[in-house]
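Count the sequence shown with this note's numbering and you get residues 1 to 206, in order.
Note that CB positions come from ideal geometry on N, CA and C, so glycine has one too.
These figures come from a predicted structure and were not determined experimentally.
Following: one structure in structure tokens, then a few remarks.
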Amino acid sequence: MAPAPALHRIGLTGGIGSGKSTVAALWREEGMRVIDLDAHSRAVLDVPGDGVEEAIARFGEELRNAAGTIDRAAMARLVFADDAARADLERIVLSRVDEAVAREEAEAAAAGESLVVHDSPLLLEKGKEGDYRAVVAVLARREDRIARVMRDRGKDREYVESIMAAQVTDRERILRADRLVLNTGTREQLAARARHTLERLRADAP
């Protein structure tokens, strides 16, 4: 997926509970266009439209929930046990995510913007760092991350640790990212670090 001419991408990533979404929100407040890839991905199955209908055509009407969208729990059970089904679902979702991202990038280019940020939680897991001018990883202490998700999302420790186990380690993030934002203090400290990183990214842009 090549960016629009003269438009440079920054990848923003981080593990569950790291504070990546907080950094994304802070950058939006600073005037950056932040494209939320996870939100676009969820919308394919959670919002009535072509994506839902293609998924129903492929997997069956029994996957439609009362709201007319996809029963995510039933879909998860299906694709977990069937590699071909999982590949088809990824194709349905990712093709539409690419289209949505391309529309946002075209809007950015038309507005004369030179930088866009992709908020992408699985950027490194999918080996996509080569798509970006720079990759920024948000890091936080493991126990802080677990406590944050348990408090804010009502999840148990086992759930958080299972998600962590499926994501790259912080060591990998340190080795593969171009810049790091440490979420190891107060929200005010995180905001200052996020703004400093954004200033450096803007200064380095052509």
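In whole angstroms, give me the CA-to-CA distance for I67 and L201. Position 67 of the sequence shown holds residue 67. Position 201 of the sequence shown holds residue 201. Sequence check: residue 67 is Ala here, not Ile. Taking the straight line from one Cα to the other gives about 42 Å.
Express the C-alpha separation of Y159 and L124 in angstroms, rounding to a whole number. Looking up residue 124 in the sequence shown gives position 124. Looking up residue 159 in the sequence shown gives position 159. Within the model, the alpha-carbon separation for L124 versus Y159 is close to 21 Å.
By how many angstroms is the C-alpha of A74 removed from the C-alpha of L182? For the purposes of this step, residue 182 is identified with residue 182 of the sequence shown, where counting begins at 1. For the purposes of this step, residue 74 is identified with residue 74 of the sequence shown, where counting begins at 1. When rounded, the distance between both Cα atoms is 37 Å.
At a cut-off of 7 Å, would you count A134 as near the ligand SAM, judging by its Cβ distance to the nearest heavy atom? Absence of the ligand SAM is noted for the structure shown, with no ligands found whatsoever.
Let me make sure I understand the geometry here. Which of G49, E188, D83 and V117 has the alpha-carbon closest to that of R96? Mapped onto the sequence shown, residue 96 falls at position 96. Minimum Cα distance to R96 is reached at G49.
Across which residues does DSSP place L180 in a beta bridge pair? Numbered from its first residue, the sequence shown carries residue 180 at position 180. According to DSSP, L180 bridges with A137.
What is the DSSP secondary structure of E52, counted as helix, strand or coil? The residue labelled residue 52 in the question sits at position 52 within the sequence shown. A small correction: the amino acid at residue 52 is Val; Glu does not occupy that position in the sequence shown. Three-state result, V52: helix.
What are the boundary residues of the beta strand (DSSP E) that I16 is part of? For the purposes of this step, residue 16 is identified with residue 16 of the sequence shown, where counting begins at 1. It is not in any beta strand (DSSP E) - I16 carries neither H nor E in the DSSP assignment.
Backbone CA spacing between L7 and D119 [nearest angstrom]: For the purposes of this step, residue 7 is identified with residue 7 of the sequence shown, where counting begins at 1. For the purposes of this step, residue 119 is identified with residue 119 of the sequence shown, where counting begins at 1. About 16 Å.
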